[in-house]
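Protein chains in written order, with this note's numbering: chain A, 1 to 343; chain B, 1001 to 1343. Think of the CB as a built atom: it goes at the ideal place given N, C-alpha and C, for glycine as much as any other residue. What you are looking at is a predicted structure, and each value in this text was computed from that prediction instead of being measured.
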DNA sequence: CTGAAAGCGCTAACAC
DNA sequence: GTGTTAGCGCTTTCAG
């Protein structure tokens, strides 16, 4: 250790670095000076090795080129830094990774203290969780998954989001409300669709399979979906689209087909992209606070880590649901109220 | 080391793990079996400590909630994994961090082998580079900065992008070409603007300060900018907008004001957001391959690291410029050619 | 081909 | 208050 130029042992230096009490003020000052002058940086590697804890978290994510995952990551990095942890980033090339071990093992080899699993809940890719998660040597928190008892997770209430969207359309007088869903192997897509379906059912409006079409989140798929939907549900007066990207192409097709938005077709999206406020007309949509989602997940993970260190049984609420909110803009009109009242 | 249950020394296990030759096939197999059965993972921490190299890279970025930085990050993670390095992610809360040391030091403390600096070149925030970079203990590669000799960097040719945009408008017959720039303390914004200015000048078209307005990348600023520009440059027949978000609100204002796009106002954006293809009309824009940008930076960084290990003087090309490309869509028309020919 | 000893940079536990 | 000893889990070096 270089700083022993102060003529003291490495021990004393260590004590100064860690703000331990047992150092005379005078020595502390002298050592600190030398540390500053040399720009000495203690090796976290060595410290991690002996302390058996790295102050390091891992996040496993996918699709960073999309806005959703990167907004959540934004929250994760911010909160990790705020909590004093460094963050290892690992990105799966696919949303449905074929080898989960190869994603996790490098993080474990680097002795992370905990893992955030931020790959969406698709198909059965979370099926391994129940077995695997048990014998993982470090805690893991899931982002945006269908809640399971005893599995820590932080999710947006996608079902509620679907309800909010449809309730708003109903309030404004729309009655023939179609839906363009996301890919239904995604839990989020299923939840949003269920919100749409149930809200209509509760309002006494029958729902048939002609009233919805499945997309795949992309604008291109939205274009195909809305054309199909217009064909099979011609009396449709509005549509809840499961994300803003598909809502955008829905609007575009509206223009191409001469369908006036919002008067002939009301549209509600989901996500609240920064661009959505500047679509023409601007898009009424459901906002989900993905940044907070990420922050909350890290907070929960750190809580679990600390609790385990202290030998406590972790028993706090370990499933957190974040409520989305409705953003009212121009793609839904209240003009429908006049004509829709008697329905 | 747990795997010494095989009845061999930790030495032999290490040799098996690292595929060293000096192990009898029979022993190797037996040890490997036990490793697999126990799911044993060697600690990269301990390995890094003794080898004095961590196979770890750090990236310092900002604004992950924006699409640009996260697309670049996408490339960085992918290439880092491909090259066998783990990645520490560090995000600055601001584009102009007040304390650069506090961003870098945690990475150095964790003994990263190299650093990617991915915060945009703004104001004088890269000024410290010349002093600082010299005595950094590990190599550092810059993303998207004004090239400096002897400082490794990978950048998009923003100037060229501006040229491409304006050349396209000229070819289609537009002559009164305005510009909405990004914030001019950003190098990228200045370069795009210079491309616009020089291309017009080369075509013999005079450029005055009434012909452009400064925005701040946001759609909101684009709205204000286009209104101002329409006021001070009423004969304008087209506009090169420095990013797609501002181009979107430019289109929106066009609608509001009854200005037909592309016939009365041609628009070229910059970035090629996934949404841009579904604007109405779809947006002609400049594509920059940020994913490749990120990949290339990591490739360069790893090359430098390897070279330094081998004691070689790094002398390869260490400034790489990536060319953007024009994406032709509907927001520019060739109808202008008929009327514009005689200009 | 295999094992023993030493040490990477740090801190916990115990002397003094 | 401070120094000494030991050891985190690995790999390197050198003997056998």
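Taking CB atoms only, residue 1142 (chain B) has no neighbour in chain A less than 9 angstroms away.
Pairing residue 1282 (chain B) with residue 330 (chain A), the inter-Cα distance amounts to about 20 angstroms.
Taking all protein chains in view, the Cβ of residue 1052 (chain B) is surrounded by fewer than 16 other Cβ atoms within 10 Å, so the residue is classified as exposed. Contacts with chain B at 9 angstroms (Cβ-Cβ) do not include residue 332 (chain A). Three or more beta-carbon pairs separated by less than 8 angstroms are not found between the stretch 39-59 of chain A and the stretch 262-280 of chain A, which leaves the two stretches without contact. In summary, the residues of the stretch 260-276 of chain A whose CB is separated from some CB of chain B by less than 8 angstroms are 273, 274 and 275, in the order they occur in the chain. Within the same chain, no residue comes within 6 angstroms of residue 106 (chain A) by CB-CB distance, once the 5 residues on both sides are set aside.
Within the stretch 1098-1111 of chain B, 1105, 1106, 1108, 1109, 1110 and 1111 place their CB atoms closer than 7 angstroms to a CB of chain A, listed in sequence order.
Distances from the alpha-carbon of residue 39 (chain A) to those of B:1104, B:1069, B:1086 and B:1009 put B:1104 closest. Within the same chain, 1240, 1268 and 1286 come within 6 angstroms of residue 1165 (chain B) by CB-CB distance, once the 5 residues on both sides are set aside.
Neighbourhood of residue 1245 (chain B) in chain A, by CB distance below 9 angstroms: 274, 275 and 278, in chain order. Using a CB distance below 7 angstroms, the part of the stretch 1032-1045 of chain B facing chain A consists of 1041, 1042, 1043, 1044 and 1045, ordered along the chain. Within the same chain, 1166, 1177 and 1207 come within 7 angstroms of residue 1200 (chain B) by CB-CB distance, once the 5 residues on both sides are set aside.
Residue environment analysis places residue 1219 (chain B) among the buried positions, since at least 16 neighbouring C-beta atoms fall within 10 angstroms of its C-beta. Using a 10 angstroms sphere on the CB of residue 335 (chain A), the tally of other CB atoms stays under 16, which defines it as exposed. Among the CB atoms of chain B, none fall inside 9 angstroms of the CB of residue 285 (chain A). The alpha carbon of residue 124 (chain A) has as its nearest neighbour, out of A:332, A:81 and A:96, the alpha carbon of A:96.
At least 9 angstroms separates the beta-carbon of residue 238 (chain A) from that of residue 274 (chain A). Take residue 142 (chain A), set aside five residues on each side of it, and the residues of its chain with a beta-carbon closer than 6 angstroms to its own are 117 and 153, in chain order.
Cβ-Cβ separation between residue 162 (chain A) and residue 191 (chain A): approximately 7 angstroms, consistent with a contact (criterion under 8 angstroms). Inclusion of residue 1322 (chain B) and residue 1246 (chain B) in the CB contact set at 9 angstroms is not warranted, their separation being larger than that value. The Cβ atoms of residue 1169 (chain B) and residue 1214 (chain B) do not sit closer than 9 angstroms to each other.
Of the residues assessed, residue 1223 (chain B) falls on the buried side of the cut-off, its CB having 16 or more other CB atoms within 10 angstroms. Proximity of residue 74 (chain A) to chain B, defined by a Cβ-Cβ separation below 9 angstroms, is satisfied.
Minimum Cα-Cα distance from residue 84 (chain A) among the listed residues B:1079, B:1090 and B:1083 corresponds to B:1090. At least 9 angstroms separates the beta-carbon of residue 217 (chain A) from that of residue 122 (chain A).
In this structure, B:1059 is the residue among B:1059, B:1144 and B:1081 with its C-alpha nearest to the C-alpha of residue 1115 (chain B). Annotation: Cβ neighbours of residue 67 (chain A) in chain B (cutoff 7 angstroms, chain order): 1067. The C-beta of residue 78 (chain A) comes closer than 9 angstroms to at least one C-beta of chain B. Pairing residue 1075 (chain B) with residue 1295 (chain B) gives a Cβ-Cβ distance under 9 angstroms. Proximity of residue 1301 (chain B) to chain A, defined by a Cβ-Cβ separation below 9 angstroms, is not satisfied.
Using a 10 angstroms sphere on the CB of residue 1136 (chain B), the tally of other CB atoms stays under 16, which defines it as exposed. At a Cβ-Cβ threshold of 9 angstroms, residue 79 (chain A) and residue 1093 (chain B) do not count as neighbours. For a Cβ distance threshold of 9 angstroms, residue set 56, 86, 87, 88 and 89 of chain A lies close to residue 1088 (chain B), ordered along the chain. Beta-bridge annotation (DSSP): residue 90 (chain A) is paired with A:60. Judged by DSSP secondary structure, residue 287 (chain A) falls within the beta strand (DSSP E) whose first and last residues are 285-287.
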